[in-house]
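Have a look at the structure below, then the notes.
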Amino acid sequence: WDFHKKILTEQFSLSMIEEETAGAKRRSGIQEVPCAFFVFRAFRTLYIQTERGTRIMEKMEQLYEGKAKKVFRTDNPDVYLVDYKDDATAGNGAKKGTIRGKGVINNRVTNHLMRMLEEKGIPTHYVEELSDRETLVKRVAIVPLEVIVRNVAAGSLAKRLGLEEGTKLKSTVLEYCYKDDALGDPMVNEYHIAAIGAATPEELKTIADYSMKINDILTEYLKDVGIELIDFKLEFGRDKDGKIILADEISPDTCRFWDVKTHAHLDKDLFRRDLGGEEEAYKEVMKRLLGE
Ligand code: TMP
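In terms of our numbering, the sequence shown opens at residue 546 and continues consecutively.
Below is the structure:
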């Protein structure tokens, strides 16, 4: 029973088993059935080792599959389970591939950074890391915006403004893109956002304030491990009380991380630009942040 934050996922794939479990719960009138029963009967039952003993949770049906993650419902309506994949895409899905081990790294790096941000006063959706690829998060209604924060010119900004990649910007740039794959996530400004109702002006002010604060915190934090934070993308959501909280991920998929000394890319640009070495780069980020 030493699961230590590991999940035991039973391999039985008979729906009958689920029905039996539900029926047993109903008949007995209790929510928690003895563990031994679940070991032999349960389907997708998670045994979560906590300080106070083993907790049981149901990993229920898949709600959504994105480019890099799958989201599942749980038996707690306010909590979802995110499962990180190794699949990689670029150019709004035009390039597809795999970065071996990426799911594990993005899950663990995101959780590490979200825990750190929470400690510094940024509310996030993070609840609990369950395994190398699986994390419990608060259910939110995603604000349909990608918030991009830039310290140094790179990528689409360097191209659009004719700046050499690596040019330090005189002040931090904040950009918003409307999350819509069919439209190619077009860039929008505050007026568009209010006009289409993607967020209220008050919500957008909160999002902008949090984004700037997150930039300050992350920039300092990463500098200590020899990483320069060039730019990154954030997503926010509304929790059950309508409060804006940080959601999604913060990982080498969604940030440009450059080695402070060599300016070597330690992020998804290696994949986007067919430069190679992405597996090693992702591992290096995890090593620097988590020491492993
Ligand atoms: P860009 O220079 O391509 O606009 O990207 C800016 C930053 O935002 C970069 O760190 C990568 C990240 N990003 C995403 O995470 N997802 C996206 O869909 C896009 C366009 C950028």
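All C-beta atoms, glycine included, are put in the ideal place defined by N, C-alpha and C.
| request: Grab me the residues of glutamate 673's own chain with a C-beta within less than 6 Å of its C-beta, minus the 5 sequence neighbours each way, in chain order. | output: Here residue 673 is taken as the residue at index 128 of the sequence shown, counted from 1. Only Leu681 meet the Cβ criterion.
| How should isoleucine 789 be labelled, buried or exposed, when 16 other C-beta atoms within 10 angstroms of its C-beta is the threshold for buried? | Looking up residue 789 in the sequence shown gives position 244. Isoleucine 789 should be labelled buried.
| Reduced DSSP secondary structure (H/G/I, E/B, other) of lysine 806 | What you label residue 806 is simply residue 261 of the sequence shown in a count that begins at 1. Lysine 806: coil per DSSP, three-state reduction.
| said: Do leucine 779 and lysine 724 count as a contact pair if the criterion is CB distance below 8 Å? | reply: Here residue 724 corresponds to residue number 179 of the sequence shown, with the count starting at 1. Here residue 779 corresponds to residue number 234 of the sequence shown, with the count starting at 1. For lysine 724 and leucine 779, no; Cβs fall outside 8 Å.
| Span of the alpha helix (DSSP H), counted from its first residue to its last, around glycine 648 | Here residue 648 is taken as the residue at index 103 of the sequence shown, counted from 1. That run of the alpha helix (DSSP H) goes 647-664.
| message | If distances are taken between C-alpha atoms only, which option among Asp776, Lys615 and Asp793 comes closest to arginine 783? | response | The residue you call residue 783 lines up with position 238 of the sequence shown. Nearest of Asp776, Lys615 and Asp793 to arginine 783, Cα basis: Asp793.
| Using the beta-carbon count (16 or more within 10 Å), is glutamate 837 buried or exposed? | Within the sequence shown, numbered from 1, the residue matching residue 837 stands at position 292. It is exposed - the Cβ of glutamate 837 has fewer than 16 other Cβ atoms within 10 Å.
| isoleucine 795 at chain B interface by Cβ criterion, 8 Å | In the structure shown, chain B cannot be found, because there is only a single protein chain.
| said: For valine 685, which residues in the same chain have their Cβ closer than 7 Å to its Cβ, ignoring the five residues on either side in sequence? | reply: Counted from its first residue, the sequence shown places residue 685 at position 140. For valine 685, where only same-chain residues beyond five positions count, the Cβ hits under 7 Å are His670, Gly782, Arg783, Asp784, Ile790 and Ala792.
| task | Quick one: give me the first and last residue of the alpha helix (DSSP H) that glycine 598 is part of. | result | On the sequence shown, position 53 is the one that residue 598 refers to. Note, glycine 598: premise wrong, no alpha helix (DSSP H); beta strand (DSSP E) at 598-610.
| Is any heavy atom of the ligand TMP found at a distance shorter than 7 Å from the C-beta of lysine 778? | Your numbering for residue 778 matches position 233 in the sequence shown. Yes - the ligand TMP has a heavy atom lying nearer than 7 Å to the Cβ of lysine 778.
| field | Buried or exposed (CB count within 10 angstroms, at least 16 for buried), lysine 704 | value | Taking the first residue of the sequence shown as position 1, residue 704 is located at position 159. Burial call: exposed.
| query | Would you report the Cα separation of alanine 587 and isoleucine 601, rounded to the nearest angstrom? | reply | Taking the sequence shown and counting its residues from 1, the one referred to as residue 587 is at position 42. Taking the sequence shown and counting its residues from 1, the one referred to as residue 601 is at position 56. Note that alanine 587 has pLDDT 39, beneath the 50 cutoff, so the model's placement of it is unreliable and the number below is only indicative. Whole-angstrom Cα-Cα distance: 11 Å.
| request: Reducing DSSP to helix, strand and coil, say where valine 616 ends up. | output: Your numbering for residue 616 matches position 71 in the sequence shown. If DSSP states are grouped into helix, strand and coil, valine 616 belongs with the strands.
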